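Enquirer: Residue numbers (the working numbering), protein chains in the order written: chain A, 20 to 333; chain B, 20 to 333. Every residue, glycine too, gets a C-beta built ideally from N, C-alpha and C. Because the structure is a prediction, the values reported are computed rather than measured.
If you want it as structure tokens, here you go:
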């Protein structure tokens, strides 16, 4: 089973969504504007709404329990969802957690896990407002946490992943690669503040944004709709990489939780808060209908990386 | 581990919630009012906001897979959450689903499950706007679905579970008991329309409401805060029961997904749409600090039923 394919089939069947739904399934978060509601924000401006997304972490797929530690697992469970809020340039409002615990976990273990979730949630102003907890009797049952996060569009408006335009600069926050081996996948800080700053600095020039969860190659390919006629070109030499990582690792290791942005050509900030912001390529017209969606130039070589990444498998 | 106790501990630690949180953990749903937002509704009125709750169904705890059938499981997963919206007298807006599938499920199985969720979601105007799907490799992994539902407070305002007042009538929708044996726990219709109608008919006289998931005794006890000084009295002879069920079954079988309401004394509707609405008792002053929170009068006998119900265990 390919989970992405199944989800696409499921949501294609969904037919027309309700009139409250502005952005439905397929983006980093859904955007809802129920009838009669208004979404003024302290910063002024319109275009607001309720952002919602759900994400789960599962022992044996996203982490190994003894190795990771319960506080790191709790951190990751919430931080992954907050990274979705960042990808929309929203502000976090609240989170909800459902968890299934294996029978060998104690009450104190559960508290360590939830304390870690609560801590990162509160740091990003997304307190846990609801939860459901179950213990499964089967001794091999894995620990699973499903986290829903609600965000609010700021007065600047949200940023979809689907706004690519020919000629856009391709930019990335932070550095890429080696997240799983280094343990960064358990301790990363979601780029919530950086994303709002980007939206403020770049305004309407910020055409599209996604967070890098599965790898630059795969995630970049998800920014181009099938009929876009566009291609994302990445220059291997410009990729900001963690120590000891080559461009292939930067493209395919996954779990970076950095932001990949498509920005109208022009001046760029070099940093957002303490975070580097690096142009790594450009959006161009796809040279042929069957040309790859994402290519990396490495010297004279040209590599199709549209499927380079890590599809989480159990 | 007692999951309810652990959740209480977790949420007690949460300290002050954010300023957006009007109702936090502990009620049927959280209520959020982000700064600057207004919540006008087609029916007019204020007091609105975003309602959120999460709930999960787990193979081996809430259903047995071959017996239940995937379409019934999908129905139950969403309908349980919609019952929470009913308990707040809200209107459903959207739902999000995360699921972990065991390795023996096919793509087509997943589609049957999600089609059932989509169908009940859309029937109640809560389309699925986001999802996360994983397959676990372990052959004994149970099927699990976690569902988050977003609701909107209507212009009439929400109803908390914590509004009990001395002298209130205790009322219940529908009939109770035998849900698990009869299969009703897999096919029930959440009382969304009935709840909004109740709120419209009774107005501010509708002091408190909860949906009956774990059994009348246990759920009624959850409507009284520890320091309320109140007791809920139920008259066994007045309980509306399904065929073949005695009052003990009606109080403790659980999974009824009917609404339990505390209403200021006065005239009551006999029906809501097609659904009976039955007074079954009264809220009184608790005769002693250590008196039970919920009692059933059966002729001359008086039974403590505050712990009568079904705590879902793996």
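Quick one: list the residues of chain A neighbouring residue 22(B), beta-carbon separation under 7 Å, in chain order.
Expert: One-based indexing of the second chain puts residue 22(B) at position 3. Going along chain A in sequence order, the residues near residue 22(B) (Cβ under 7 Å) are 152, 153 and 154.
Enquirer: May I have a chain-ordered list of the alpha helix (DSSP H) segments no shorter than 4 residues that lie completely inside the stretch 253-293 of chain B?
Expert: DSSP runs (the alpha helix (DSSP H)) wholly in the stretch 253-293 of chain B: 266-271.
Enquirer: Provide the residue span of the alpha helix (DSSP H) that contains residue 317(A), from first to last.
Expert: Counting from one through the first chain, the residue named residue 317(A) turns up at place 298. Per DSSP, residue 317(A) belongs to no alpha helix (DSSP H); it is in the beta strand (DSSP E), 313-317.
Enquirer: Could you tell me whether the stretch 243-250 of chain A touches the stretch 260-271 of chain A, using the rule of 3 or more Cβ pairs below 8 Å?
Expert: Because the criterion of three Cβ pairs below 8 Å is not met, the stretch 243-250 of chain A and the stretch 260-271 of chain A do not touch.
Enquirer: Pick helix, strand or coil for residue 24(A), following the three-state DSSP scheme.
Expert: Along the first chain, one-based indexing puts residue 24(A) at 5. Helix, per DSSP.
Enquirer: Which value, in whole angstroms, describes the spacing of the CA atoms of residue 2(B) and residue 137(B)?
Expert: Past the boundaries of the shown model lies residue 2(B); chain B is included only from 20 to 333, so the question cannot be answered.
Enquirer: Note down, in chain order, each residue of its chain lying with its Cβ closer than 8 Å to the Cβ of residue 39(B), except the 5 sequence neighbours on either side.
Expert: Locating residue 39(B) in the second chain gives position 20, where the first residue counts as 1. Excluding sequence neighbours, residue 39(B) sits near 51, 52, 53 and 54.
Enquirer: Which class does residue 228(A) belong to by DSSP, given the choice of helix, strand or coil?
Expert: Reading the first chain from its first residue, position 209 is the one you call residue 228(A). Strand.
Enquirer: Which first and last residues belong to the beta strand (DSSP E) in which residue 192(A) is found?
Expert: Your numbering for residue 192(A) matches position 173 in the first chain. Unbroken beta strand (DSSP E) run through residue 192(A): 188-192.
Enquirer: Where DSSP assigns a beta bridge to residue 72(A), which residues make up the other side?
Expert: Numbered from its first residue, the first chain carries residue 72(A) at position 53. Partner(s): 168(A).
Enquirer: Which of the three DSSP states, helix, strand or coil, is assigned to residue 150(A)?
Expert: Walking along the first chain from the start, residue 150(A) turns up at place 131. Correct three-state label for residue 150(A): strand.
Enquirer: Check each candidate in 203(B), 199(B), 230(B) and 201(B) and name the one with the smallest Cα separation from residue 211(B).
Expert: Looking up residue 211(B) in the second chain gives position 192. Considering only alpha carbons, the answer is 230(B).
Enquirer: Is residue 55(B) helix, strand or coil by DSSP?
Expert: To locate residue 55(B), count along the second chain from 1; it is residue 36. Coil.
Enquirer: Could you list which residues in chain A have their beta carbon closer than 8 Å to that of residue 115(B), in chain order?
Expert: Residue numbering aside, residue 115(B) sits at position 96 when the second chain is read from its first letter. Ordered by position in chain A, the residues that pass the 8 Å Cβ test against residue 115(B) are 49, 71, 72, 73 and 167.
Enquirer: Quick one: grab the DSSP three-state call for residue 246(B).
Expert: Counted from its first residue, the second chain places residue 246(B) at position 227. Correct three-state label for residue 246(B): coil.
Enquirer: Is the beta carbon of residue 16(A) less than 8 Å from the beta carbon of residue 188(A)?
Expert: With chain A covering 20 to 333 only, the question about residue 16(A) has no answer from this structure.
Enquirer: For a test of the three-state rule: what should DSSP assign to residue 81(A), helix, strand or coil?
Expert: Within the first chain, numbered from 1, the residue matching residue 81(A) stands at position 62. Coil at residue 81(A), not helix or strand.
Enquirer: DSSP has residue 174(B) in a bridge; who is on the other side?
Expert: Here residue 174(B) corresponds to residue number 155 of the second chain, with the count starting at 1. For residue 174(B), which the question treats as bridged, DSSP gives no partner whatsoever.
Enquirer: Which residue marks the beginning of the alpha helix (DSSP H) containing residue 106(A), and which one marks its end?
Expert: For the purposes of this step, residue 106(A) is taken as the residue at position 87 of the first chain. Its alpha helix (DSSP H) spans residues 89-106.
Enquirer: Closer than 8 Å by beta-carbon distance: list the chain A residues that pair up with residue 28(B), in chain order.
Expert: Within the second chain, numbered from 1, the residue matching residue 28(B) stands at position 9. By Cβ distance, chain A contributes 126 and 130.
Enquirer: Which of the three DSSP states is assigned to residue 34(B) in this structure?
Expert: Numbered from its first residue, the second chain carries residue 34(B) at position 15. Only weak support exists for where residue 34(B) lies, its pLDDT of 49 falling under 50; the value from the coordinates is given anyway. Correct three-state label for residue 34(B): coil.
Enquirer: Once the 5 residues before and after residue 303(A) are set aside, which same chain residues still bring their CB inside 6 Å of it?
Expert: Within the first chain, the letter at position 284 stands for residue 303(A). Only 250 and 252 meet the Cβ criterion.
Enquirer: With DSSP run on the structure shown, which of helix, strand or coil describes residue 235(A)?
Expert: Stepping through the first chain from its first residue, residue 235(A) is reached at position 216. Correct three-state label for residue 235(A): helix.
Enquirer: Could you check the C-alpha separation between residue 241(A) and residue 220(A) for me, to the nearest Å?
Expert: Taking the first residue of the first chain as 1, we reach residue 241(A) at position 222. Taking the first residue of the first chain as 1, we reach residue 220(A) at position 201. Their Cα atoms are separated by approximately 25 Å.
Enquirer: Does the beta-carbon of residue 192(B) have 16 or more other beta-carbons within 10 angstroms, so that it is buried, or is it exposed?
Expert: Within the second chain, numbered from 1, the residue matching residue 192(B) stands at position 173. The residue is buried, with at least 16 neighbouring Cβ atoms inside 10 Å.
Enquirer: Taking C-beta to C-beta, are residue 130(A) and residue 180(A) nearer than 8 Å?
Expert: Residue numbering aside, residue 130(A) sits at position 111 when the first chain is read from its first letter. Residue numbering aside, residue 180(A) sits at position 161 when the first chain is read from its first letter. Result no, Cβ atoms of residue 130(A) and residue 180(A) do not sit closer than 8 Å.
Enquirer: Based on the DSSP secondary-structure assignment, which residues constitute the bridge partners of residue 296(A)?
Expert: Reading the first chain from its first residue, position 277 is the one you call residue 296(A). 192(A).
Enquirer: Just to make sure I have the definition right: I need the residues of chain A whose C-beta is within less than 8 Å of the C-beta of residue 157(B). Which are they?
Expert: In the second chain, residue 157(B) corresponds to position 138, counting from 1. Result: 79, 159, 161 and 333.
Enquirer: Between residue 328(A) and the rest of its own chain, which residues show a CB-CB distance below 6 Å, the 5 nearest in sequence each way excluded?
Expert: Your numbering for residue 328(A) matches position 309 in the first chain. Closer than 6 Å at the Cβ level, and outside the excluded window around residue 328(A), lie 233, 234, 236, 237, 271 and 273.
Enquirer: For residue 94(B), which residues from the same chain have a beta carbon less than 8 Å from its beta carbon, with the 5 sequence-adjacent residues on both sides left out?
Expert: For the purposes of this step, residue 94(B) is taken as the residue at position 75 of the second chain. Contacts found: 135, 136, 138, 139, 205 and 206.
Enquirer: Going by DSSP, what residues sit across from residue 46(B) in a beta bridge?
Expert: The residue you call residue 46(B) lines up with position 27 of the second chain. Per DSSP, 44(B).
Enquirer: Please decide whether residue 55(B) counts as near chain A, where near means a Cβ-Cβ distance under 8 Å.
Expert: The sequence position of residue 55(B) within the second chain is 36, counting from 1. Yes, because at least one Cβ of chain A sits closer than 8 Å to the Cβ of residue 55(B).
Enquirer: Quick one: grab the DSSP three-state call for residue 86(B).
Expert: The count along the second chain starts at 1 and reaches residue 86(B) at position 67. Here residue 86(B) sits in helix by DSSP.
Enquirer: Exposed or buried, residue 321(B), counting other C-beta atoms within 10 Å across all chains shown (16 or more means buried)?
Expert: Position 302 of the second chain holds residue 321(B). The residue is exposed, with fewer than 16 neighbouring Cβ atoms inside 10 Å.
Enquirer: Mark residue 83(B) as exposed unless 16 or more other C-beta atoms lie within 10 angstroms of its C-beta, in which case mark it buried.
Expert: Against the second chain, residue 83(B) aligns to sequence position 64. So residue 83(B) ends up on the exposed side.
Enquirer: Spatial neighbours of residue 161(A) within its chain, please: CB distance less than 7 Å, with the 5 preceding and 5 following residues excluded, ordered by chain position.
Expert: In the first chain, counting from the first residue as 1, residue 161(A) sits at position 142. Contacts found: 77, 78, 79 and 121.
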